[in-house]
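Student: Just so you know, the protein sequences line up as chains A and B, in that order.
The opening residue of the first sequence carries number 1 in the working numbering; numbering runs sequentially from there.
The opening residue of the second sequence carries number 288 in the working numbering; numbering runs sequentially from there.
Glycine is no exception: its CB is placed at the ideal position from the N, C-alpha and C atoms.
Given the structure is predicted, the values throughout are model-derived calculations rather than measurements.
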Amino acid sequence: MSLRLRRYTGLMIFMTPAALWLLLLIVLPHVDMFLLSIRPKGPGGALTLANYTRFFAEPIYWNTFARTAIYSILATLLTLVMAFPVAYFIAKMARGRGKGVLFLLCLLPFWVSELVRTYGWMILLRESGVLSGFLVWTGLAAKPVEMLYNDVAIMIGLIYTSMLFMVVPLVTVLDSLDDSLIEAAYDLGGTAPSILREIVIPHAMPGIAAGSIVVFMLTLGNYLTPTLLGGKESLWFTEQIYNQFIIRFNWEQGAAFGFLLLVLSSAIVWVGLKLTGQTLAGAVGSR
Amino acid sequence: MTAPIDLEARDVVKSFGSFRAVHGVSFEIPKGSFFSILGPSGCGKTTLLRMIAGFLEPDSGEILIGGRSMAGIPPNRRPVNLIFQHLALFPMMTVAENIAYGLRRRGVSRPEIRERVGRMLERIGLPGFGDKRIDQLSGGQKQRIAIARCLVLAPTVLLLDEPLGALDLKLREQMKVELKLLQADIGTTFVYITHDQSEALVMSDRVAVMNQGRFEQVDTPQGLYYRPRTAFVAGFVGESNRWQGWVIGVSGDEARVRTQDGLELIARASERLVAGQPVDLFVRPEGITLSKDPAEVGGLANRLAGAVESVLFDGANSRVLVKEAQTGGEVTAALPQTDRFADLGPGQTLHLGWNAGGGLCFGKTP
Chain A
1 MSLRLRRYTG
11 LMIFMTPAAL
21 WLLLLIVLPH
31 VDMFLLSIRP
41 KGPGGALTLA
51 NYTRFFAEPI
61 YWNTFARTAI
71 YSILATLLTL
81 VMAFPVAYFI
91 AKMARGRGKG
101 VLFLLCLLPF
111 WVSELVRTYG
121 WMILLRESGV
131 LSGFLVWTGL
141 AAKPVEMLYN
151 DVAIMIGLIY
161 TSMLFMVVPL
171 VTVLDSLDDS
181 LIEAAYDLGG
191 TAPSILREIV
201 IPHAMPGIAA
211 GSIVVFMLTL
221 GNYLTPTLLG
231 GKESLWFTEQ
241 IYNQFIIRFN
251 WEQGAAFGFL
261 LLVLSSAIVW
271 VGLKLTGQTL
281 AGAVGSR
Chain B
288 MTAPIDLEAR
298 DVVKSFGSFR
308 AVHGVSFEIP
318 KGSFFSILGP
328 SGCGKTTLLR
338 MIAGFLEPDS
348 GEILIGGRSM
358 AGIPPNRRPV
368 NLIFQHLALF
378 PMMTVAENIA
388 YGLRRRGVSR
398 PEIRERVGRM
408 LERIGLPGFG
418 DKRIDQLSGG
428 QKQRIAIARC
438 LVLAPTVLLL
448 DEPLGALDLK
458 LREQMKVELK
468 LLQADIGTTF
478 VYITHDQSEA
488 LVMSDRVAVM
498 NQGRFEQVDT
508 PQGLYYRPRT
518 AFVAGFVGES
528 NRWQGWVIGV
538 SGDEARVRTQ
548 DGLELIARAS
558 ERLVAGQPVD
568 LFVRPEGITL
578 SKDPAEVGGL
588 ANRLAGAVES
598 VLFDGANSRV
608 LVKEAQTGGE
618 VTAALPQTDR
628 FADLGPGQTL
638 HLGWNAGGGL
648 CFGKTP
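1) Looking at residue 557 (chain B) and residue 628 (chain B), is the spacing between their C-beta atoms short of 9 Å?
2) Taking the straight line between their C-alpha atoms, what separation do you get for residue 272 (chain A) and residue 100 (chain A)?
3) Near residue 291 (chain B), which residues of its chain fall below 6 Å by C-beta distance, leaving aside the five closest residues on each side in sequence?
4) Using a beta-carbon distance below 9 Å, is residue 371 (chain B) in contact with chain A?
5) Can you check the region 506-558 of chain B for any alpha helix (DSSP H) of at least 4 residues that lies completely inside it and give the ranges in chain order?
6) By how many angstroms is the C-alpha of residue 167 (chain A) removed from the C-alpha of residue 447 (chain B)?
7) I'd like the ranges of any beta strand (DSSP E) spanning at least 3 consecutive residues and lying wholly in the region 304-377 of chain B.
8) Tell me the residue span of the alpha helix (DSSP H) that contains residue 622 (chain B).
9) Cβ of residue 488 (chain B) less than 9 Å from any chain A Cβ?
10) Can you find the residues in the same chain that come closer than 6 Å, C-beta to C-beta, to residue 581 (chain B), ignoring five residues on each side of it along the sequence?
11) Just the Cα atoms here: how many angstroms apart are residue 599 (chain B) and residue 623 (chain B)?
12) Can you pull out the residues from the region 367-401 of chain B whose beta carbon lies closer than 7 Å to at least one beta carbon of chain A?
13) I'd like to know whether the C-beta of residue 450 (chain B) is nearer than 9 Å to at least one C-beta of chain A.
14) Tell me where the alpha helix (DSSP H) around residue 188 (chain A) begins and ends.
15) Using a Cβ-Cβ cut-off of 8 Å (strictly less than) and excluding sequence neighbours within five positions of residue 412 (chain B), which residues of its own chain qualify?
16) Residue 466 (chain B) touches chain A at which residues, Cβ-Cβ below 9 Å?
17) Given a cut-off of 9 Å, decide if residue 183 (chain A) and residue 369 (chain B) are closer than it, judged by their beta-carbon atoms.
18) Could you tell me which of A:153, A:22, A:145 and A:91 sits nearest to residue 229 (chain A), measuring between CA atoms?
19) DSSP three-state call for residue 89 (chain A): helix, strand or coil?
20) Using a Cβ-Cβ cut-off of less than 8 Å, give me the residues of the region 428-449 of chain B that come near chain A, in sequence order.
21) Whose CA, out of B:585, B:596, B:425 and B:575, lies closest to the CA of residue 646 (chain B)?
22) Going along chain A, which residues have a C-beta under 9 Å from residue 340 (chain B)?
23) Determine the contact status of residue 366 (chain B) and residue 354 (chain B), defining contact as a CB-CB distance below 9 Å.
24) Am I right that residue 390 (chain B) and residue 439 (chain B) are in contact with their C-beta atoms under 8 Å? What's the rounded C-beta distance?
25) Chain B partners of residue 176 (chain A), CB-CB under 7 Å?
26) Got a sec, what are the start and stop residues for the alpha helix (DSSP H) residue 175 (chain A) sits in?
27) For chain B, find out if any of its Cβ atoms is closer than 9 Å to the Cβ of residue 190 (chain A); answer yes or no.
28) Closest Cβ-Cβ distance between residue 364 (chain B) and chain A: below 9 Å?
29) With a threshold of 16 other CB atoms inside 10 Å of the CB of residue 64 (chain A), please say whether the residue is buried or exposed.
30) What residues from chain B crowd round residue 202 (chain A), counting only those whose CB sits closer than 7 Å?
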């Protein structure tokens, strides 16, 4: 066997699991989903784009999508703003053991399932919950306050769930920032805000982009948190998909919505990368 | 002293926990001079530099720049700039933006920034480099940009933290000369820290040799080389043959020393010595006269003979390693590049000699 052929065979053996995984779990279902989405409901009938046009024709659908996208962007930005100081502290200020302990503290909530974590928030926020009880006890509120089933509750849940996915890439990228760059800027007359703006953030941009993409995608595709914390009126787009599939048995429509979610969210990520001058390759760390 | 003092330290002390990094250091550096702090790693020179730059505060003592006390003044408000060991150029900015950074922070107007950056680039011999990215530059160019980034702010004192360490030998030799000329040209006070004695000796007007948190000696390069005041300086600056022994007789400023391996040598005493006192004795390889004929070294106060062990050829810096006949100890001597020694090889007998003034002995503190 020639060397080239042998190398080729080796590559094939190593790549096969990944290729199978891609093919069976990602490509095939999506092809099937796409085929499903261009069929009319019910047996027979010619291929149609009706399932897609319905999304744009019915305001409730695209309004829900727009609302989901805007809230996801907002949740991503808020997560970034909250995670950045945490990541900066872990990467640049904490030393030795403290660093590991802090990182572990960020990780700890993820040892329980998302469902349990969300129920935790419900215990805190509901009318008969801990926070409401505390307000009544201190006399700040006359009667129990319902803090669940509104947009703020959804936001809290989404940000809480997303924190780790923002903190990890930020810690990695800030760790790689040479301390002497910060000191040099300080030495040359820089102040804390200007160093943050001109040195730290430009350096951290790939990490910010990576974290933001992950958080945005996770938030947009989240079903559990908006449904549990937002209640029936949460109007999250994943709920629409769930409704089509499970409640209305309209798999064709659900498949079209699923596809739209994929395409539109990819478009938003693309626009985001363009606006910040980042590349996908840079964000996933191959640059 | 006519030049005003740009940088002054008064009894500066700094400890980290129980470790005392800087141990009561005082010095004055006149305006426009090139001052080096030379010492082995861990001697406290970086700590001292970071205190001057303002990244550390002294535990006690005072640092004055241009006559003004720097106590409590943060690095971004001090009239000093630091060239970092790895330069710390900002990779997210172009060359011009790097140089302009400090000016922007001072609120200098855009046209003036552009003009001053352009002039600075010309001065360091890199005109038209403004739009290049940092990773497009060579090591020597980066060096010059780092210097330009500080000098454009016209600091009272420029601090340099071993910036030549990362360069290869050839470039380092070239940059040494370049730095010295640049400093003479612009007249800014340079404070250069290094563990490389050649860098310190070549560039500096004055050198402070630092050891274990203290200044051992502050002197001109020639002074350090010819008149070291402590055993540490004698051993650290330049090469030396070193013997340990004790004094067996003193006459005037010369001491007769018996070394541990049984040689009797006469050397200049650096201080008042008494008979029986243990001493370190240093003899520079370049102070030793070599001959194949014993009569030629006959008139010198110290004479040894031995067999050549090996010839360390290094052009003008060549050395010969001689195994001393009487004790078997090794002696290094400079090898003059003349015809007489061109055929020198291992095993040949050589006669070595030097006068009392060629050796220097220091009393050991028990």
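Tutor: The short version:
1) Here residue 628 (chain B) refers to the residue found at position 341 of the second sequence. Here residue 557 (chain B) refers to the residue found at position 270 of the second sequence. Contact flag unset, no.
2) Residue mapping note: residue 272 (chain A) aligns to position 272 of the first sequence, counting from 1. Residue mapping note: residue 100 (chain A) aligns to position 100 of the first sequence, counting from 1. So the two alpha carbons sit approximately 32 Å from each other.
3) Here residue 291 (chain B) is taken as the residue at index 4 of the second sequence, counted from 1. So the list reads 318, once near-sequence residues are dropped.
4) Counted from its first residue, the second sequence places residue 371 (chain B) at position 84. With 9 Å as the cut-off, residue 371 (chain B) counts as an interface residue toward chain A.
5) 508-513 and 518-523
6) The count along the second sequence starts at 1 and reaches residue 447 (chain B) at position 160. The count along the first sequence starts at 1 and reaches residue 167 (chain A) at position 167. Distance between the alpha carbons of residue 447 (chain B) and residue 167 (chain A): 36 Å.
7) 306-317, 321-325, 347-352 and 367-370
8) Here residue 622 (chain B) corresponds to residue number 335 of the second sequence, with the count starting at 1. No alpha helix (DSSP H) contains residue 622 (chain B), which DSSP labels as neither H nor E.
9) Counting from 1 along the second sequence, the entry for residue 488 (chain B) is found at position 201. Not closer than 9 Å to any Cβ of chain A, the Cβ of residue 488 (chain B) fails to qualify, so no.
10) Here residue 581 (chain B) refers to the residue found at position 294 when the second sequence is read from its first residue. Answer for residue 581 (chain B): 638, listed in chain order.
11) As a position in the second sequence, residue 599 (chain B) is number 312, starting the count at 1. As a position in the second sequence, residue 623 (chain B) is number 336, starting the count at 1. Approximately 12 Å between the Cα atoms of the pair.
12) 368, 369, 371, 373, 375, 377, 379, 388, 389, 392 and 393
13) Mapped onto the second sequence, residue 450 (chain B) falls at position 163. No, its Cβ sits nowhere closer than 9 Å to a Cβ of chain A.
14) Mapped onto the first sequence, residue 188 (chain A) falls at position 188. Unbroken run through residue 188 (chain A): none, as it is neither H nor E.
15) Locating residue 412 (chain B) in the second sequence gives position 125, counting from the first residue. Closer than 8 Å at the Cβ level, and outside the excluded window around residue 412 (chain B), lie 431.
16) For the purposes of this step, residue 466 (chain B) is taken as residue 179 along the second sequence, with counting starting at 1. Chain A residues near residue 466 (chain B): none, gap ~19 Å exceeds 9 Å.
17) What you label residue 369 (chain B) is simply residue 82 of the second sequence in a count that begins at 1. What you label residue 183 (chain A) is simply residue 183 of the first sequence in a count that begins at 1. Yes, Cβ-Cβ distance for residue 369 (chain B) and residue 183 (chain A) is below 9 Å.
18) For the purposes of this step, residue 229 (chain A) is taken as residue 229 along the first sequence, with counting starting at 1. When only C-alpha atoms are compared, the closest one is A:153.
19) Mapped onto the first sequence, residue 89 (chain A) falls at position 89. DSSP places residue 89 (chain A) in helix when its eight states are reduced to three.
20) 436, 437 and 440
21) Numbered from its first residue, the second sequence carries residue 646 (chain B) at position 359. Answer by Cα proximity: B:575.
22) Looking up residue 340 (chain B) in the second sequence gives position 53. 183 and 187, listed in chain order.
23) Walking along the second sequence from the start, residue 366 (chain B) turns up at place 79. Walking along the second sequence from the start, residue 354 (chain B) turns up at place 67. Going by C-beta atoms, residue 366 (chain B) is not nearer than 9 Å to residue 354 (chain B).
24) By 1-based counting over the second sequence, the position of residue 390 (chain B) is 103. By 1-based counting over the second sequence, the position of residue 439 (chain B) is 152. Going by Cβ atoms, the distance from residue 390 (chain B) to residue 439 (chain B) rounds to 6 Å, so yes, they are a contact pair.
25) Locating residue 176 (chain A) in the first sequence gives position 176, where the first residue counts as 1. Within chain B, no residue comes near residue 176 (chain A); the closest Cβ sits about 11 Å away, beyond 7 Å.
26) Stepping through the first sequence from its first residue, residue 175 (chain A) is reached at position 175. Residue 175 (chain A) -> alpha helix (DSSP H) spans 151-175.
27) For the purposes of this step, residue 190 (chain A) is identified with residue 190 of the first sequence, where counting begins at 1. Closer than 9 Å to some Cβ of chain B, the Cβ of residue 190 (chain A) qualifies, so yes.
28) Against the second sequence, residue 364 (chain B) aligns to sequence position 77. Yes, residue 364 (chain B) counts as interfacial toward chain A.
29) As a working mapping, residue 64 (chain A) is identified with position 64 in the first sequence. Its Cβ being crowded by 16 or more others within 10 Å, residue 64 (chain A) is buried.
30) Within the first sequence, the letter at position 202 stands for residue 202 (chain A). Within 7 Å Cβ-Cβ: 379.
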